[in-house]
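If you're matching positions, the sequence shown starts at 413 in this note's numbering and goes up one per residue.
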Amino acid sequence: MKTEFSLAQLADPDIAEADKILRACVHCGFCTATCPTYVLLGDELDSPRGRIYLIKEMLEKERPPTAEVVKHIDRCLSCLACMTTCPSGVNYMHLVDQARVRIEETYSRPLSERLLRTVLGRILPAPKLFRLSLRLARFAAPLSALLPASAGLSTAPTLLRRARAMLALAPDRLPAPGPGGGSVFAAQGPRRGRVALLQGCAQQVLAPRINQAAIGVLTRHGIEVVLVRDEQCCGALTHHLGHDDDALARARANVTAWTAEAERGGLDAILVTTSGCGTVIKDYGYLLREDRDFAGAAAHVSALAKDITEYLAGLELRPPSGPSQQRFGDVTIAYHSACSLQHGQKITTLPKELLSKSGFVVKDVPESHLCCGSAGTYNILQPDIATRLRDRKVANIASVEPDMIAAGNIGCIMQIASGTSVPVVHTIELLDWATGGPKPGSNRSNVSRAQAGADDLNA
Ligand code: SF4
Ligand code: SF4
């Protein structure tokens, strides 16, 4: 694609990067076929190629974007399916991230929307605040029936419609908090390694069982696990809202905390059980590349970051010994491949191989490249598109008739669980079960209310 940035514009490293990305695009349009919003809406401006044009115009002309441009960029899930499909290696992720920051800097959103985005950016990364908000949401839940339901995919969702979506996603019950920062879990038997495990923000409130399962598997296989004190939310949530100052401050704080821990006790890896977070931490090196004080350490942290399945692939997982050994040959698992794992980190077969080797029957889900609609805060900000994608995902999953659904990202787990009665668990919970841990539970507590939310689009 031909670009027309001036030399002065190209002196800005972000614009120089955008120029490189834009020039790689040959407008072939292959990406449109796998873009969930194009598949649903059929509008070129809701496809990767259309958005790339809009971003090019916005950056080149240095004009604040129009409401129309913002609408189409906001509808992007950042699922990155387009990056998997693109034959020219266009780095759409870095381009759309830059566009989101530019929008936040130059476009004045309606007051209600600004407030909502600020509230989401403050509450979701703060576990104590998030827990409190979910408790309040429980009391407000009966009011959700009074809030407006979907007005269709082409109409921008109102604040009240988004409030209804938020209430629908709040679980009926909250589990007790898991162990906090500063905890160290000793390896069982001779120590073979030492890792940090990202505590996450929303995940530690909604499903602390996930990291407990990871700790169980790791320590059972000789790995010491540390939950690093002073660690923060990875910054993914605010990064995707275009609030980059906040996201970069969190990245710097984490780089500082993890580097100190690595110097103190040694770290073989920084493990992540929420793939949305993993994709961003693996990108810290890029995000902080211009920061002289942090660039080197951030690149090192990114190199240490691994999805839990990547790390486990290097260990020989052992089933429990003795006569009580469980067999899983009759448990069929539908594996939902989170976008951040398959498109963001290119981890596609590893989780399925680990599950198969552990004895489960693993089934691929049709249209597995399409997002489930969770996408960070997307299911709150764009509830109608998100619900349509969820329903499509749930129908595809149902076609393989699973006993359980496995995914590697808490957002997907909550989103899919809100539309099905089949238990949705994290891959690590199944691996924990297979190696001597407890049988994973289900997300059924979340089903009834969210199922009511699902009815919105069917009405
Ligand atoms: S597939 Fe790649 S090169 Fe083709 S239009 Fe999409 S982004 Fe551009
Ligand atoms: S990130 Fe996903 S929703 Fe956004 S343009 Fe690419 S494929 Fe479409």
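Beta carbons are placed, not taken as given, at the ideal position from N, Cα and C, and that holds for glycine. Predicted model, so just to flag it, every value in this text is computed and none were measured.
Buried versus exposed, by CB contacts within 10 Å (16 or more), residue 551
Numbered from its first residue, the sequence shown carries residue 551 at position 139. By the 10 Å Cβ count, residue 551 comes out exposed.
Going by the C-beta, is residue 508 closer than 8 angstroms to any heavy atom of ligand 2?
Taking the sequence shown and counting its residues from 1, one reaches residue 508 at position 96. Answer for residue 508: yes, Cβ within range of ligand 2.
CA-CA distance, residue 654 and residue 508?
Residue mapping note: residue 654 aligns to position 242 of the sequence shown, counting from 1. Residue mapping note: residue 508 aligns to position 96 of the sequence shown, counting from 1. Answer to the nearest angstrom: the Cα atoms are 10 angstroms apart.
Given this structure, state the Cα-to-Cα distance separating residue 629 from residue 696, to the nearest angstrom.
The residue you call residue 629 lines up with position 217 of the sequence shown. The residue you call residue 696 lines up with position 284 of the sequence shown. Going by the C-alpha atoms only, they are around 27 angstroms apart.
Compute the minimum distance between the beta carbon of residue 802 and the heavy atoms of ligand 2, and state whether it is under 8 angstroms.
In the sequence shown, residue 802 corresponds to position 390, counting from 1. Answer for residue 802: no, Cβ out of range of ligand 2.
Measuring only the C-alpha atoms, how far is residue 353 from residue 577?
Because residue 353 is not part of the residues shown, which for the chain are 413 to 871, the question remains open.
Please tell me whether residue 814 has its Cβ less than 9 angstroms away from any Cβ of chain D.
The question asks about chain D, but that chain is absent: this structure has only one protein chain.
For ligand 2, list every residue whose C-beta falls under 6 angstroms from any of its heavy atoms, going in chain order.
Every residue whose Cβ sits closer than 6 angstroms to any heavy atom of ligand 2 is listed here in chain order: 447, 448, 449, 460, 463, 488, 489, 490, 491, 492, 493, 494 and 504.
Tell me where the beta strand (DSSP E) around residue 878 begins and ends.
This structure gives no information on residue 878, because the portion of the chain shown stretches from 413 to 871.
Go to residue 636, then tell me how far its beta strand (DSSP E) extends in each direction, as first and last residue.
Position 224 of the sequence shown, counting from 1, holds the residue named residue 636. DSSP places residue 636 inside the beta strand (DSSP E), whose first and last residues are 635-638.
Coarse secondary structure for residue 413, derived from DSSP in three states
Stepping through the sequence shown from its first residue, residue 413 is reached at position 1. Of the three classes helix, strand and coil, the one that applies to residue 413 here is coil, per DSSP.
Less than 6 angstroms between C-beta atoms, sequence neighbours within five positions excluded: which residues of the same chain meet that for residue 537?
If you number the sequence shown from 1, residue 537 lands on position 125. Cβ neighbours of residue 537 beyond the five flanking positions: 613, 645 and 649.
Buried/exposed call for residue 832, threshold 16 Cβ in 10 Å:
Stepping through the sequence shown from its first residue, residue 832 is reached at position 420. Residue 832 should be labelled buried.
Per DSSP, residue 683 is paired with what?
By 1-based counting over the sequence shown, the position of residue 683 is 271. The partner list for residue 683 (beta bridge, DSSP) reads 609 and 718.
For residue 486, the nearest candidate out of 791, 640 and 807 (CA to CA):
Here residue 486 refers to the residue found at position 74 of the sequence shown. When only C-alpha atoms are compared, the closest one is 791.
Output the distance between the C-alpha atoms of residue 856 and residue 692, rounded to the nearest integer angstrom.
The residue given as residue 856 occupies position 444 in the sequence shown. The residue given as residue 692 occupies position 280 in the sequence shown. Confidence at residue 856 is low in this model, with a pLDDT of 38, below 50, so its placement is unreliable and the value that follows should be read with caution. Each residue's alpha carbon lies about 30 angstroms from the other.
Rounded to the nearest angstrom, how far is the Cβ of residue 688 from that of residue 717, given a contact under 8 angstroms?
Mapped onto the sequence shown, residue 688 falls at position 276. Mapped onto the sequence shown, residue 717 falls at position 305. Contact between residue 688 and residue 717 does not hold, since their C-beta atoms are separated by about 13 angstroms, which reaches or exceeds 8 angstroms.
Within the same chain, show all residues whose beta-carbon is closer than 7 angstroms to that of residue 736, passing over the 5 residues directly before and after it, in chain order.
As a position in the sequence shown, residue 736 is number 324, starting the count at 1. For residue 736, the predicted structure reports a pLDDT of 48, less than 50, and the residue's modelled location is therefore unreliable. A value from the coordinates is still provided. By the criterion of a C-beta distance shorter than 7 angstroms, residue 736 is surrounded by no residue of its chain, once the five residues flanking it on both sides are discounted.
Under 8 angstroms: does the beta carbon of residue 436 sit that close to some heavy atom of ligand 1?
Within the sequence shown, residue 436 is the residue found at index 24, counting from 1. Yes, since a heavy atom of ligand 1 falls inside the 8 angstroms radius drawn around the Cβ of residue 436.
Would the beta-carbon of residue 744 fall within 9 angstroms of that of residue 840?
As a first step, residue 744 is located in the sequence shown; it is residue number 332 there, counting from the start. As a first step, residue 840 is located in the sequence shown; it is residue number 428 there, counting from the start. Against a cut-off of 9 angstroms, the Cβ pair of residue 840 and residue 744 comes out as no contact.
Buried versus exposed call for residue 548 [16 or more other C-beta atoms within 10 Å across all chains shown]:
By one-based count along the sequence shown, residue 548 stands at place 136. Under this definition residue 548 is an exposed residue.
Alpha carbon to alpha carbon, how far is residue 729 from residue 617? Give it in angstroms, no decimals.
Within the sequence shown, the letter at position 205 stands for residue 617. Within the sequence shown, the letter at position 317 stands for residue 729. If you take the alpha carbons of residue 617 and residue 729, they lie about 28 angstroms apart.
Would you list the residues sitting across from residue 817 in a DSSP beta bridge?
Locating residue 817 in the sequence shown gives position 405, counting from the first residue. Its beta-bridge partners are 746 and 836.
Quick one: does the C-beta of residue 755 sit closer than 8 angstroms to a heavy atom of ligand 1?
Translated into the one-based positions of the sequence shown, residue 755 becomes position 343. No, the Cβ of residue 755 stays beyond 8 angstroms of every heavy atom of ligand 1.
Tell me, please, which residues DSSP counts as bridged to residue 776.
As a working mapping, residue 776 is identified with position 364 in the sequence shown. Answer is 747.
Might you give, ordered along the chain, the residues of its own chain that have their beta carbon closer than 6 angstroms to the beta carbon of residue 802, omitting 5 neighbours on each side?
The sequence position of residue 802 within the sequence shown is 390, counting from 1. These residues qualify, in order along the chain: 784, 785, 827 and 831.
Is the beta carbon of residue 444 sitting closer than 9 angstroms to the one on residue 496?
As a first step, residue 444 must be located in the sequence shown, where it is residue number 32. As a first step, residue 496 must be located in the sequence shown, where it is residue number 84. Not closer than 9 angstroms, so no.
Buried or exposed: which applies to residue 582, given that a residue is buried once 16 or more other Cβ atoms fall within 10 Å of its Cβ?
As a working note, residue 582 is residue 170 in the sequence shown. Residue 582 comes out buried.
Verify the contact flag: residue 502, CB atom, against every heavy atom of ligand 1, threshold strictly below 8 angstroms.
Within the sequence shown, residue 502 is the residue found at index 90, counting from 1. At least one heavy atom of ligand 1 is nearer than 8 angstroms to the Cβ of residue 502, so yes.
Pull up the distance between the alpha-carbon of residue 415 and that of residue 472, whole angstroms please.
As a first step, residue 415 is located in the sequence shown; it is residue number 3 there, counting from the start. As a first step, residue 472 is located in the sequence shown; it is residue number 60 there, counting from the start. Computed Cα separation, rounded: 8 angstroms.
Report whether the distance from the Cβ of residue 440 to the nearest heavy atom of ligand 1 is below 8 angstroms.
Within the sequence shown, the letter at position 28 stands for residue 440. The answer is yes for residue 440.
Relative to the C-alpha of residue 751, which candidate in 733, 782, 762 and 731 has its C-alpha closest?
Translated into the one-based positions of the sequence shown, residue 751 becomes position 339. It is 782.
Continuous beta strand (DSSP E) assignments of at least 3 residues falling wholly in the segment 550-629
605-609
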